[in-house]
Amino acid sequence: MRLGLVIDLDVCVGCHACAIACKEWNASGTIGPLSDYQPYGAEPSGVWFNRIRHYEMDEYPNNKTVNFPMSCMHCEDADCVTVCPTGASYKRAEDGIVLIDQDKCMGCNYCSWACPYGARELDRSSGTMKKCTLCVDRIYDQELPVEERQPSCVLTCPAHARMFGDFDDPDSAVSRTVRERGGFPLMPELNYNPTNTYLPPRRKPVIPVDTQPKSGLKESIKQFANKLVRR
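As structure tokens, then:
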């Protein structure tokens, strides 16, 4: 089993609901709390598992804003795990989720430097590294209804731009969607083999516009103009 997310870049509206829901759920979860620094000060900051980037593609008037959510990719070949000197970063064999043992982490930042996706953040309050857990404490909670055993970001997204499932199952919803929409991993050339996959923005069809009025329309306009003149 290889659990992960599919994110539809054509649907994401950049509302940051996934980031807020993630922070709320994980504030007291497996890896929490997630510290805030000067939340009411001039330069508020803090630890976030989800961050949304914004990019412009194409040229005006055909340009489009692409909202690009980013979090841990739960890579198959995760160098963040390989470089960890204490074994705090590890990848679960049963589902492929990459986690951090807070009791072993010494905050050396090696894993953060090895991650090309900027998915890891050092919590200055605890001195330990933190990252997305795929809401591991939620997806396996037997007391929750089956339909709610999904990451908080997936359940919260108002545009349904996020999907969660098993990429090792070719018949799962995430696998089928990736095949049908041409989903792609982020920076595959690095050979980290990220599990999370993105669906590309759809190209808008070019619809020809006839700027010349039809002959029938011309006649109607002419008749209407004549009526106004007679009045």
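With the working numbering applied, the sequence shown covers 43 to 273. C-beta atoms are modelled at their ideal positions from N, C-alpha and C, and glycine is treated no differently. Everything numeric in this text was worked out from a predicted model, so none of it was measured.
- Apart from sequence neighbours up to five positions away, the residues of its chain that approach V196 with a beta-carbon distance below 6 Å are R204 and F206, ordered along the chain.
- S131 is bridged by DSSP to I142.
- The C-alpha of M229 is placed about 30 Å away from the C-alpha of P75.
- Taking 8 Å as the upper bound for CB-CB distance, W90 and C177 are not in contact here, some 15 Å apart.
- Here the C-alpha atom of R166 lies approximately 23 Å from the C-alpha atom of H58.
- DSSP places R93 in no alpha helix (DSSP H) but in the uninterrupted beta strand (DSSP E) bounded by R93 to M99.
- The region 130 to 142 and the region 48 to 56 do not touch, with fewer than 3 CB-CB distances between them shorter than 8 Å.
- When secondary structure is reduced to three states using DSSP, P193 falls in the coil class, being assigned neither helix nor strand.
- It is roughly 37 Å from the alpha-carbon of H116 to the alpha-carbon of P103.
- Non-local C-beta neighbours of P111 in its own chain, meaning closer than 7 Å and more than five positions away in sequence, comprise I49, C54, C60, N92 and I94, ordered along the chain.
- Apart from the 5 residues on each side of it in sequence, C153 sits with its Cβ closer than 7 Å to the Cβ of C122, V125, C126, S131, R162 and M171 in its chain, given in chain order.
- In the structure shown, R204 adopts extended strand secondary structure according to DSSP, grouped into three states.
- Note that the C-beta distance between P243 and P236 is not below 7 Å.
- Counting along the chain, the unbroken beta strand (DSSP E) around Y240 starts and ends at T239 to L241.
- In the structure shown, D50 falls within a strand segment according to DSSP collapsed to helix, strand and coil.
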